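Residue numbers (the numbering used here), protein chains in the order written: chain S, 1 to 292; chain U, 1 to 292.
Where a beta carbon is used, it is the ideal one built from N, C-alpha and C, also for glycine.
Everything numeric in this text was worked out from a predicted model, so none of it was measured.
Structure record follows, encoded as structure tokens.
Number of protein chains: 2
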Amino acid sequence: MLDPVSRVRRFNRAVTSAVGALDTSFLGRGRPLGAARVLNAIGHGRSDVGEIRDYLGLDSGLMSRLLRSLEDEGLIETHAHEDDARRRVASLTRAGKREFSAYEAMSNTQAERFLARNSQREALLAAMDLIASALTRDRIALTEMDPQSDEARHCLGEYYAELGRRFKQGFDVSLSRDPDAKDMRRPQGSFIVAMSDTLPIGCVGLKGSDHGYAEIKRLWVAPSARGLGLGKRLMNAAEDAARTLGIALLRLDTNSALPEAGQLYRTTGWREIPRFNDDPYPDLFFEKQIRA
Amino acid sequence: MLDPVSRVRRFNRAVTSAVGALDTSFLGRGRPLGAARVLNAIGHGRSDVGEIRDYLGLDSGLMSRLLRSLEDEGLIETHAHEDDARRRVASLTRAGKREFSAYEAMSNTQAERFLARNSQREALLAAMDLIASALTRDRIALTEMDPQSDEARHCLGEYYAELGRRFKQGFDVSLSRDPDAKDMRRPQGSFIVAMSDTLPIGCVGLKGSDHGYAEIKRLWVAPSARGLGLGKRLMNAAEDAARTLGIALLRLDTNSALPEAGQLYRTTGWREIPRFNDDPYPDLFFEKQIRA
DNA sequence: AGCATTATCTGACTTTAGTCAGATATCGCG
DNA sequence: CGCGATATCTGACTAAAGTCAGATAATGCT
Chain S
1 MLDPVSRVRR
11 FNRAVTSAVG
21 ALDTSFLGRG
31 RPLGAARVLN
41 AIGHGRSDVG
51 EIRDYLGLDS
61 GLMSRLLRSL
71 EDEGLIETHA
81 HEDDARRRVA
91 SLTRAGKREF
101 SAYEAMSNTQ
111 AERFLARNSQ
121 REALLAAMDL
131 IASALTRDRI
141 ALTEMDPQSD
151 EARHCLGEYY
161 AELGRRFKQG
171 FDVSLSRDPD
181 AKDMRRPQGS
191 FIVAMSDTLP
201 IGCVGLKGSD
211 HGYAEIKRLW
221 VAPSARGLGL
231 GKRLMNAAED
241 AARTLGIALL
251 RLDTNSALPE
261 AGQLYRTTGW
271 REIPRFNDDP
281 YPDLFFEKQI
291 RA
Chain U
1 MLDPVSRVRR
11 FNRAVTSAVG
21 ALDTSFLGRG
31 RPLGAARVLN
41 AIGHGRSDVG
51 EIRDYLGLDS
61 GLMSRLLRSL
71 EDEGLIETHA
81 HEDDARRRVA
91 SLTRAGKREF
101 SAYEAMSNTQ
111 AERFLARNSQ
121 REALLAAMDL
131 IASALTRDRI
141 ALTEMDPQSD
151 EARHCLGEYY
161 AELGRRFKQG
171 FDVSLSRDPD
181 AKDMRRPQGS
191 FIVAMSDTLP
201 IGCVGLKGSD
211 HGYAEIKRLW
221 VAPSARGLGL
231 GKRLMNAAED
241 AARTLGIALL
251 RLDTNSALPE
261 AGQLYRTTGW
271 REIPRFNDDP
281 YPDLFFEKQI
291 RA
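As structure tokens, then:
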């Protein structure tokens, strides 16, 4: 049982039984699993009834009854949607929030126990990130975000750390031409984060300027998400953003110590040009004309 | 959402939905999940009705009805157990085997598709092994096996490959004092493999001799299973085997390039002794007196 | 205003899963 | 042989999940 397929199937069996255990523990709060799932979906911020139904894959009749039962328990309230009175919006009552926290606490303890029982903590977490990214690759969402949001700052931190590891001389942001956050916000520019579920796994910045071109900055993909074509998706999104901002010419700088980046640019219509700034880190410069 | 617990929970969500997808595809064969699970348990070699019931955690009434429905479909037959007519033994009919293969094919294709869709194949497999080992650590079974079984040879192959990587001068089995398989079979000795589900993840050999002592050889734990105390469990099992064989003195040789092994021996009652053989690879020698 | 579309809800089901109290047959052991 | 233990089965339930055909109400578009 050593071939790749058997290994995947062994993994499936192992997680199936672990997942089953969590479901069983959820039953411990005296509520059927279906109702518990709806309650948790609402707790995690999914308020729109239709959205919850899609997310959980429920029939509309069933969904309606589950909502009713949670309402009867006094855990949720529903209101008509502001802009469309056909739609309903659910929210937790005070009691619902308590109940939701109890489920959250169970999930958290279970996760903590798993981590505490095992000594290869960092290796396990990296393995989990990798597998989760592979499993959810079709559900990676690219979202425009503020360059100073938690998600963006996480990505940038990881990006700088990686440059520090990969450049022979290390990397110090303060020596680099660090773009101003405001140049990566509309209307000057844009900052796009790739989210897999709740985890930021990649980013790219579009930095506007008044030199007649905008720059692509801080393209980063988490190690656990490489090989999924995410770099290309981020670059496309950045180009789309540039188009909506009426920008026709893009430039970027990079370093030959990051060969996969250079490779990506060369195969997606970028053209090498002479140095156009005095940042000490980059040694490769590219330009791309985009058409609206 | 970057703290360890959130990462574990993101992983949980990702695999939950993947596992759910497989369950749904199992429904595609027009049979409720419960019946499909019983059929697959039988196909995987679990024939005893009680064993299946335990494995799947079913009530005896429910189990009985599921068996009956599979029988009505003509997929299985049940007979009284040879030695105990109260127990029943189930087996697949020809049609049952066909149906089972159809489920197997679905599981295999799903696994293959997952591997094919992702480029980091080896990294993914290693991550899956690691997580599966961590999740099933309580269910790792140590089994005495023939040193020439597939499982044993897999372990030995991995062991030699690892020595090759860790010894500065590499490792060539033919230069080492490779123990004869027959010295690691009863009644001379023993060979023990640690199985996690169907995957061999560790081994140890007990090599009998006529010098008044036996040797511990080929202690190996798969990288994905380190940190679970498996080395110690394997050593204990080998000592137990020695006791049942009436052996009172154990020796072993090892190399200082494998510090975790030396550490294990020192903390479990082994005492360093002078070189007792002319094998070119080891540079550390230990001995342990065991009491019956 | 009229009408097809959309979102949700209600009522009337069926199927699946699970529970529990006996019934039946066999076994191990004195 | 007799008796308590064990393995499975049957019947009679309940609960949960899921299905489906309308009903109701609001919306978007002409």
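Determine, using beta carbons only, whether residue i and residue j come nearer to each other than 8 Å.
i        : j        : result
S/Tyr213 : S/Arg251 : yes
S/Leu142 : S/Ile192 : yes
S/Asn40  : S/Phe100 : yes
U/Arg165 : U/Ala257 : no
S/Val19  : U/Val19  : yes
S/Ala80  : S/Ser47  : no
S/Arg29  : S/Ala102 : yes
U/Ile216 : U/Ala248 : no
U/Ser196 : U/Thr136 : yes
S/Asp253 : S/Asp279 : yes
U/Ser149 : U/Ala225 : no
S/Asn255 : S/Leu284 : yes
U/Leu264 : U/Gly231 : yes
S/Met106 : S/Ser25  : yes
Interface residues of chain U around residue i at Cβ under 7 Å?
i        : result
S/Val8   : Ala111, Phe114, Leu115 and Met128
S/Gly227 : Asn118, Ser119 and Gln120
S/Ser47  : Per Cβ cutoff of 7 Å: no residues; S/Ser47 is ~19 Å from chain U at best.
Could you pull out every residue in the same chain whose Cβ sits closer than 8 Å to the Cβ of residue i, ignoring the five residues on either side in sequence?
i        : result
U/Glu71  : Glu77 and Thr78
U/Met145 : Glu151, Ala152, Phe191, Ile192 and Val193
U/Phe171 : Tyr160, Leu163, Gly164 and Tyr281
S/Ser293 : For chain S, the structure presents residues 1 to 292; residue 293 of chain S sits outside this window and is missing.
S/Leu33  : Asp23, Phe26 and Leu27
U/Ala237 : Leu142, Ile192 and Val204
Residues in the same chain with beta-carbon distance under 6 Å from residue i, minus the five sequence neighbours each way, listed in chain order, please.
i        : result
U/Met184 : Pro147, Phe191, Gly205 and Lys207
U/Arg271 : Glu287
S/Arg88  : Val49 and Thr78
U/Asp54  : none
Going along chain S in order, which residues have a C-beta closer than 7 Å to the C-beta of residue i?
i        : result
U/Ala134 : Asn118 and Leu124
U/His154 : Leu2
U/Ala18  : Leu135
U/Asn236 : Within chain S, no residue comes near U/Asn236; the closest Cβ sits about 19 Å away, beyond 7 Å.
U/Asn255 : Ordered by position in chain S, no residue passes the 7 Å Cβ test against U/Asn255, which lies about 23 Å from the chain.
U/Ser107 : Arg9
If residue i and residue j are in contact, beta carbons under 8 Å, what's the gap, nearest whole angstrom?
i        : j        : result
S/Phe114 : U/Val8   : 6 Å
S/Gly96  : S/Leu75  : 4 Å
U/Val5   : S/Ala111 : 5 Å
S/Ile140 : U/Leu124 : In fact, because the Cβ distance is near 16 Å, the residues do not count as touching under 8 Å.
S/Ala35  : S/Leu66  : 5 Å
U/Ser119 : S/Gly227 : 4 Å
U/Asp268 : U/Met235 : This sequence places Thr at residue 268 of chain U; Asp is not what is there. Between U/Met235 and U/Thr268 the Cβ distance is about 6 Å, and since that is below 8 Å, they are a contact.
S/His154 : U/Leu2   : 5 Å
So which residues of chain U does residue i contact, with C-beta pairs closer than 8 Å?
i        : result
S/Ile131 : Phe11, Ala14, Val15, Leu124, Ala127, Met128 and Ile131
S/Val193 : By Cβ distance, chain U contributes nothing, its closest Cβ being about 12 Å from S/Val193, past 8 Å.
Name the chain S residues whose beta carbon is nearer than 9 Å to that of residue i?
i       : result
U/Asn40 : Near U/Asn40 there are no residues of chain S at all, since even the closest Cβ is about 11 Å away, more than 9 Å.
U/Leu33 : By Cβ distance, chain S contributes nothing, its closest Cβ being about 12 Å from U/Leu33, past 9 Å.
Near residue i, which residues of its chain fall below 7 Å by C-beta distance, leaving aside the five closest residues on each side in sequence?
i        : result
S/Leu92  : Ile42, Gly43, Leu75, Ile76 and Phe100
S/Arg121 : Leu115
U/Ala181 : Pro147 and Gln148
Which chain S residues sit within Cβ distance under 8 Å of residue i?
i        : result
U/Asn277 : Under the 8 Å cutoff, chain S gives no residues; its nearest Cβ is about 32 Å from U/Asn277.
For residue i, go through chain U and note every residue whose CB falls closer than 9 Å to its CB, in chain order.
i       : result
S/Leu22 : Asn12 and Thr16
Runs of alpha helix (DSSP H) lying entirely within the stretch 47-121 of chain U, each at least 4 residues, in chain order: Listed in chain order, they are 49-56, 60-72 and 94-117.
Can you give, in chain order, each stretch of the beta strand (DSSP E) that sits fully within the stretch 238-282 of chain U and has at least 3 residues? Counting whole runs of 3 or more residues, the stretch 238-282 of chain U contains the beta strand (DSSP E) stretches 249-254.
Ignoring anything shorter than 3 residues or poking outside the stretch 191-234 of chain S, list the beta strand (DSSP E) runs there in chain order. Counting only runs that start and end inside the stretch 191-234 of chain S, the beta strand (DSSP E) elements of at least 3 residues fall at 199-207 and 214-221.
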